[in-house]
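What follows is a short report on a single structure.
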Amino acid sequence: MADAAADRLVPRRRLAPQAHRSNALHPGAWWLWALGLATAASRTTNPLLIGLLIGVAGYVVAARRTSAPWARSYGAFVKIALVVIGIRLVFAIVLGSPIPGTHLIVTLPEVPLPDWAQGVRIGGRVTAEGVLFALYDGVRLAGLLICVGAANALASPARLLKSLPGALYEVGVAVVVAMTFAPNLIGDVQRLRAARRLRGRPDKGVRGLLQVGLPVLEGALERSVALAAAMDARGFGRTAAVPARVRRTTAVLTLGGLMGVCAGTYGLLTADGSTYGLPVLAVGLGAALGGLWLGGRRSVRTRYRPDRWGARAWLVAGSGAAVAALMIAASSSAAAALHPGVVPLVAPTLPLLPAAAVLIGLLPAFVAPVPPPAEAPVPTRARRDAEEKTS
Amino acid sequence: MTMIRFEDVSVRYEGAAGPTVQGVDLDVPEGELVLLVGPSGVGKSTLLGTVSGLVPHFTGGTLRGRVTVAGRDTRTHKPRELADVVGTVGQDPLAHFVTDTVEDELAYGMESLGIAPDVMRRRVEETLDLLGLAELRDRPITTLSGGQQQRVAIGSVLTPHPRVLVLDEPTSALDPAAAEEVLAVLQRLVHDLGTTVLMAEHRLERVVQYADQVLLLAAPGEPPLLGDPAEVMAVSPVYPPVVGLGRLAGATPLPLTVRDARRRTGALRERLAEVVTAAAHSGAGPDGVTSAQAEPAARVGGLAVLRGRVEALRRVDLTVSPGETVALMGRNGAGKSTLLSTLVGLLPPTSGTVRVGGAAPHRMPPRELIRHVGLVPQEPRDLLYADTVTAECAAADRDADAAPGTCRALVAELVPGIADETHPRDLSEGQRLALALAIVLTARPPLLLLDEPTRGLDYAAKARLVTILRDLAGRGHAIVLATHDVELAAELAHRVVILADGEVVADGPTADVVVSSPSFAPQVTKVLAPQPWLTVTQVREALAALEALEATDE
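Chains as they are written, first to last, in my numbering: chain A, 1 to 391; chain B, 1001 to 1554.
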């Protein structure tokens, strides 16, 4: 965030304009960028490289996120990632590790298990190799999670769903409504638990939670019905008259296409079907997409100010793709450096070329539009100082 | 030209004893603002729903007769097929929003109707200007204040250029200033764009002067009466204070605005001037507090409360004595609810002290707490869990360790005639409030807090609430109520505390505080200024006393 503040002063700002509605980066670009980083993270177990990836994602989030509610989810993702590492370590320590190790850290008391549980072990030897392997594995999972969290924080989920094809619009709305439903539900639970205190009942504990369950669900249901009424009254679900011929063609294309996709995938996976697999898959995919496009004609909807896929979107998405492509290339040429061994124990080294490739992922922090100062998250203390100055 | 035509319409819900509305046979002309008035439960929302087609397509029930809107029959057109001619905003704007930012919300309806992108863009910009929302265009809707949300809700149905706007209590949750903001917008729509507006509202003192016609539903199932506002107000069971004053003064036609009332009640003013000095001393208004020397029911000193990053309260000092009624006023988000929550221990103070009955409420265990302080929350339903009134009361007796039947007796006293087996959800707003109040009173807390108690109440329910609260104050309960309702504060409160931006900006006797403030002054005060009258009741009593005096003189 300090970087964002610095951005406002240094000439680097010239690379990217201030963000507003019409130059907003396409949310798909953020997702492609993040998925590129995630792909790269999945190709290596080198903690130094993954650490670098996390750093890159974190820097971009710090430089470009807004104060919107979804942008706050990044912190939650980081916490989940830490929990994942912790769980992976606990499993490796308690349930043992398949990695043969010689550096004994501690020997836990082993729980004797019956014969049918052969191959399962609780307690026993904990070796440095096993723990290190689990740590590498956990860090990789954490890296994936943090990349997804970055996309979540940078791209508005509602705007992403707006980019869906017309035929899938209803599905998109259902997802958006569900996403606003969850925070409302949590708000209701908190309010009703507080209200229990007003009735002289304990407001903490599991029983309190259970007793407010029914009123909370009732409230949620009522709100859903009210929303459905409002959406209906605002024209949701209006359809255009479509000739029967088009309707039938849509159904045939969609169903046939999906069957083609299934058959093609099966062909690709079986040993002797590789000759017909790819073409069938391609035809099926084409038919399904055609069905979707035709299905969109039933919908009369238009789109208000859709996000445009401009040069900056290409740069952001491309930087992610480049990181992924270079890492995949490196995984065949420099496999040893990307997967540091644990038996025998060696310190991981930072391979220079892949590290340089990861740094390409920083590009969005320079080319993506900068959120306006009012929307940039402000640390509490700084804001209070500012308020006191003005008052 | 007729915009909405009701032809012998009646609506009956399944399982109901009789039709909710019947005999509705009238025409609403284009470009008029029609105000729908009547006590709670007479079917105002149902009648509004028939215009948008939500009744009966969405709610179920049987509609007889025919409703046509801009020539479209609602029997054959579903709500979504009427979306381009009727815009509907319900009671709770938050339940209305589909998207997350202001601009997207304004565009949502147009997207559904398939309006061309360049037209949408132009209309969104126009609507942002019309409603003064341009500054807020990128803001997430949940971060807006109540008045802003209400304006966004109206804007969101305005963009498809509907010819009819249907609004259910658009100002009841708003502070006086925000309500005026919304009403100014509505008036502009009617005057400049020729939109037909059909609106139901309980707070007539805010809206009646804007209405071209008033549609009165006097009692459930009774055929409605449509007519000139002044004429309908003369026979209406619900009327604003300014009309009450006009009736007292015998003015014809009845005044609907403060300005008219000042002109037409000259004789009344002169007559009142004779008693004004005597009345001020004899205390025709709420009685002054006599027990000031007693231990205070609540004492707040240097209180600050931080909610997230927001300082909801700063340096708040407040003392409430037993038997005293204090009204907390201020715009939406000024910190009124936060102060009540702190007093009842739902929020711990960030700094400063809160003492209720000599102890810190946030440290008290719940069973102990309810003996010292009780809060009726903004949504009384939050307090109710059981599925019958009897079960709810029995639970309240157990919670409070009161003798069995205590709560039920209180309910019977507050609102006679509620059946034992009624589900709390099926009660009217006023009955539900009374039930919640009875539950809170079961533990006999010396300090009683009410958050926005008159939201959704009609004048009769409000009058009953005033009687109940006066009686409680008379028995020594200290009462603090957070409210936007200036008439209620004038009627009830000994003291008014005005909060702004988390700080106390005014604290003093009701007459002093509200008289000096243009937005918090009740209508009677505005009409009779500079004489210090607050309510119609005061004026009526003073006149009666004067007549008695003159009778004895002769």
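For glycine and all other residues, C-beta sits at the position ideal for the given N, C-alpha and C.
Computed from a prediction, not measured in an experiment: that's the story for all the values here.
Which residues in chain A have a C-beta closer than 9 Å to the C-beta of residue i? List them in chain order.
| i | result |
| --- | --- |
| Glu-1081(B) | Gly-235 and Arg-238 |
| Val-1164(B) | Those do not exist, as Val-1164(B) stays about 12 Å from chain A at its closest Cβ, beyond 9 Å. |
| Thr-1467(B) | Residues of chain A passing the Cβ test: none, with the nearest at roughly 24 Å. |
Note down, in chain order, every chain B residue with its Cβ under 9 Å from the Cβ of residue i.
| i | result |
| --- | --- |
| Pro-215(A) | Arg-1381, Asp-1382, Leu-1384 and Tyr-1385 |
| Gln-211(A) | Tyr-1385 |
| Ala-158(A) | Thr-1099, Asp-1100, Thr-1101 and Asp-1104 |
| Ala-368(A) | Chain B residues near Ala-368(A): none, gap ~17 Å exceeds 9 Å. |
Residue i lies in the alpha helix (DSSP H); which residues open and close that run?
| i | result |
| --- | --- |
| Phe-1097(B) | Element bounds for Phe-1097(B): n/a, residue is neither H nor E. |
| Pro-1176(B) | 1176 to 1188 |
| Val-1524(B) | 1523 to 1528 |
| Glu-1135(B) | Per DSSP, Glu-1135(B) belongs to no alpha helix (DSSP H) and is neither H nor E. |
| Gln-1538(B) | 1536 to 1553 |
For residue i and residue j, I'd like the C-alpha separation in whole angstroms.
| i | j | result |
| --- | --- | --- |
| Trp-30(A) | His-1494(B) | 59 Å |
| Ala-1386(B) | Gly-237(A) | 37 Å |
| Leu-227(A) | Leu-1248(B) | 45 Å |
| Thr-1552(B) | Val-1539(B) | 20 Å |
| Glu-1007(B) | Glu-1452(B) | 39 Å |
| Tyr-266(A) | Gly-257(A) | 14 Å |
| Asp-1287(B) | Leu-1033(B) | Confidence at Asp-1287(B) is low in this model, with a pLDDT of 47, below 50, so its placement is unreliable and the value that follows should be read with caution. Rounded to whole angstroms, Asp-1287(B) to Leu-1033(B) spans 41 Å at the Cα level. |
| His-1057(B) | Ile-1004(B) | 18 Å |
| Val-1185(B) | Val-1214(B) | 19 Å |
| Val-1157(B) | Gly-1147(B) | 16 Å |
| Arg-312(A) | Thr-302(A) | 25 Å |
| Glu-170(A) | Ile-1115(B) | 18 Å |
| Asp-1129(B) | Glu-1324(B) | 46 Å |
| Leu-350(A) | Phe-133(A) | 17 Å |
| Ala-329(A) | Ala-335(A) | 10 Å |
| Val-1520(B) | Trp-314(A) | Here residue 1520(B) is Phe; the residue named in the question, Val, does not match the sequence. Phe-1520(B) and Trp-314(A): Cα-Cα distance of roughly 57 Å. |
| Ala-355(A) | Gly-361(A) | 11 Å |
| Thr-380(A) | Ala-68(A) | Residue placement at Thr-380(A) cannot be trusted, given a pLDDT of 44 that sits under 50; the coordinates are not used to answer. |
| Val-206(A) | Val-212(A) | 10 Å |
| Val-78(A) | Val-148(A) | 10 Å |
| Ser-1236(B) | Leu-1216(B) | 7 Å |
| Val-1051(B) | Ala-229(A) | 14 Å |
| Arg-21(A) | Asp-1104(B) | 11 Å |
| Gly-1302(B) | Glu-1180(B) | 33 Å |
| Ser-1040(B) | Gln-1187(B) | 25 Å |
How would you list, in chain order, the residues of chain B whose beta-carbon sits under 7 Å from the beta-carbon of residue i?
| i | result |
| --- | --- |
| Ala-229(A) | Leu-1054 and Phe-1058 |
Give the interface partners of residue i over in chain A, defined as CB-CB distance under 8 Å, in chain order.
| i | result |
| --- | --- |
| Met-1110(B) | Thr-302 and Tyr-304 |
| Ile-1370(B) | Leu-198, Arg-199 and Gly-200 |
| Asp-1084(B) | Gly-235 |
Quick one: which chain A residues come within Cβ less than 7 Å of residue i?
| i | result |
| --- | --- |
| Leu-1375(B) | Leu-198 |
| Arg-1367(B) | Gly-200 |
| Thr-1088(B) | Ala-233 |
| Ala-1473(B) | Residues of chain A passing the Cβ test: none, with the nearest at roughly 21 Å. |
For a contact defined as C-beta to C-beta under 8 Å, what are the partners of residue i on chain B?
| i | result |
| --- | --- |
| Arg-223(A) | Ala-1095 |
| Ala-324(A) | Those within 8 Å of Ala-324(A) in chain B number zero; the least Cβ separation is about 31 Å. |
| Val-151(A) | Looking at the sequence shown, residue 151(A) is not Val but Ala. Correct list: empty, because the minimum Cβ distance to chain B is about 17 Å. |
Just reading off the beta strand (DSSP E) that residue i is part of, what are its end residues?
| i | result |
| --- | --- |
| Leu-1198(B) | 1196 to 1200 |
| Thr-1353(B) | 1351 to 1356 |
| Pro-109(A) | 104 to 111 |
| Val-1300(B) | 1298 to 1307 |
| Val-126(A) | 122 to 127 |
Could you name the residues of the stretch 68 to 101 of chain A whose beta carbon sits closer than 9 Å to any beta carbon of chain B, in the order they occur along the chain? Ala-68, Pro-69 and Trp-70
Can you list, in chain order, the stretches of the beta strand (DSSP E) that have 3 or more residues and sit fully within the stretch 1014 to 1101 of chain B? 1021 to 1029, 1033 to 1037, 1062 to 1069 and 1086 to 1089
Segments assigned alpha helix (DSSP H), at least 4 residues, entirely inside the stretch 1365 to 1414 of chain B: 1366 to 1369, 1389 to 1400 and 1406 to 1414
Runs of 4 residues minimum, wholly inside the stretch 237 to 310 of chain A: which ones carry the alpha helix (DSSP H) assignment? 244 to 269 and 274 to 295
Residues of the stretch 12 to 28 of chain A with a CB closer than 9 Å to any CB of chain B: list them in chain order, please. His-20 and Arg-21
At a CB distance below 8 Å, what residues from the stretch 192 to 203 of chain A approach chain B? Give them in sequence order. Leu-192, Ala-194, Ala-195, Arg-196, Arg-197, Leu-198, Arg-199, Gly-200, Arg-201, Pro-202 and Asp-203
Which runs of the alpha helix (DSSP H) spanning at least 4 residues fall entirely within the stretch 1433 to 1506 of chain B, listed in chain order? 1459 to 1474 and 1486 to 1492
Ignoring anything shorter than 4 residues, give me the alpha helix (DSSP H) runs that lie fully in the stretch 321 to 360 of chain A, in order along the chain. 335 to 338 and 352 to 359
Near-chain A residues of the stretch 1104 to 1133 of chain B - C-beta to any C-beta below 8 Å: Asp-1104, Ala-1107, Tyr-1108, Gly-1109, Met-1110, Glu-1111, Ser-1112, Leu-1113, Gly-1114, Ile-1115, Ala-1116, Pro-1117, Met-1120, Arg-1121 and Val-1124
Residues of the stretch 1147 to 1173 of chain B whose Cβ lies closer than 8 Å to any Cβ of chain A, in chain order: Ser-1156, Val-1157 and Pro-1160
Which residues, taken in chain order from the stretch 309 to 321 of chain A, show a beta carbon closer than 9 Å to some beta carbon of chain B? none
Unbroken alpha helix (DSSP H) runs of length 4 or more, entirely within the stretch 19 to 50 of chain A: which are they? 27 to 42
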